[in-house]
Amino acid sequence: QKGINLFPFGAAPFRSCSIHSIRGMSKKDGEHKDVRFWLANIAGALLLAEGARVLSKAEVCTTPSTASLGLSMLPGVMLLNRLPGAGIVGMIASLHGLLLCPSKAIEGAKTWPWPLLSGLICSYLTFTKPGRF
Numbered sequence: 044q045k046g047i048n049l050f051p052f053g054a055a056p057f058r059s060c061s062i063h064s065i066r067g068m069s070k071k072d073g074e075h076k077d078v079r080f081w082l083a084n085i086a087g088a089l090l091l092a093e094g095a096r097v098l099s100k101a102e103v104c105t106t107p108s109t110a111s112l113g114l115s116m117l118p119g120v121m122l123l124n125r126l127p128g129a130g131i132v133g134m135i136a137s138l139h140g141l142l143l144c145p146s147k148a149i150e151g152a153k154t155w156p157w158p159l160l161s162g163l164i165c166s167y168l169t170f171t172k173p174g175r176f
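Its first residue numbered 44, the sequence shown is counted upward by one per residue in my numbering.
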């Protein structure tokens, strides 16, 4: 009985591939990626998704273009590029709805909870930065 050959060129190239070699591919010499690194990536992605949501909502609602719409993607980009103060900007951008109109923000959090999560992650990143306090 002849089966399907999953490795037409042989399995030798795949034998040297292990989880340790894959993990080491993302590291530079002497660089240690900890929990803060991964949380910053997650928060940046959530902030970018929120910025895209704000832009698409404004497009659907045909609201007049304001300067804040142009800045809606800025916190996510700042966090992904590891700019100074990005955690604070991300925290403000995520939680500004809770400060301005808490009842509306709580109702919105039932259907779209990601700004609340990104705000919590950004506050964690802000307060756990080494050398900050």
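Note that the Cβ used here is the ideal one computed from N, Cα and C, for glycine as well.
Query raised in the report: Using the rule of at least 16 other Cβ atoms within 10 Å of the residue's Cβ for burial, across every protein chain shown, is I164 buried or exposed?
Result: Your numbering for residue 164 matches position 121 in the sequence shown. Buried: at least 16 other Cβ atoms inside 10 Å.
**Report entry** Spatial distance of S115 from E93 (CA atoms)
**Finding:** Numbered from 1 along the sequence shown, position 72 holds the residue referred to as residue 115. Numbered from 1 along the sequence shown, position 50 holds the residue referred to as residue 93. Rounded to the nearest angstrom, the two C-alpha atoms are 8 Å apart.
Query raised in the report: Which word fits A83, buried or exposed, when buried means at least 16 other C-beta atoms lie within 10 angstroms of its C-beta?
Result: Position 40 of the sequence shown, counted from the first residue, corresponds to residue 83. Buried, since its Cβ has 16 or more Cβ neighbours within 10 Å.
**Report entry** Contact set for L97: own chain, Cβ-Cβ below 6 Å, skip 5 residues either direction
**Finding:** Indexing the sequence shown from 1 puts residue 97 at position 54. This sequence places Val at residue 97; Leu is not what is there. Cβ within range, chain order: S115.
Query - Simplified DSSP state of H75, which is helix, strand or coil - result: For the purposes of this step, residue 75 is identified with residue 32 of the sequence shown, where counting begins at 1. Coil, per DSSP.
Requested in this report: Assign A129 to buried or exposed, taking buried as 16 or more other Cβ atoms, counted over all protein chains shown, within 10 Å of its Cβ.
Outcome: Position 86 of the sequence shown, counted from the start, is the residue given in the question as residue 129. Its Cβ being crowded by 16 or more others within 10 Å, A129 is buried.
Query raised in the report: Excluding sequence positions up to five away, which residues of its chain have a Cβ less than 7 Å from the Cβ of R79?
Result: Here residue 79 refers to the residue found at position 36 when the sequence shown is read from its first residue. So the list reads L168, T171, once near-sequence residues are dropped.
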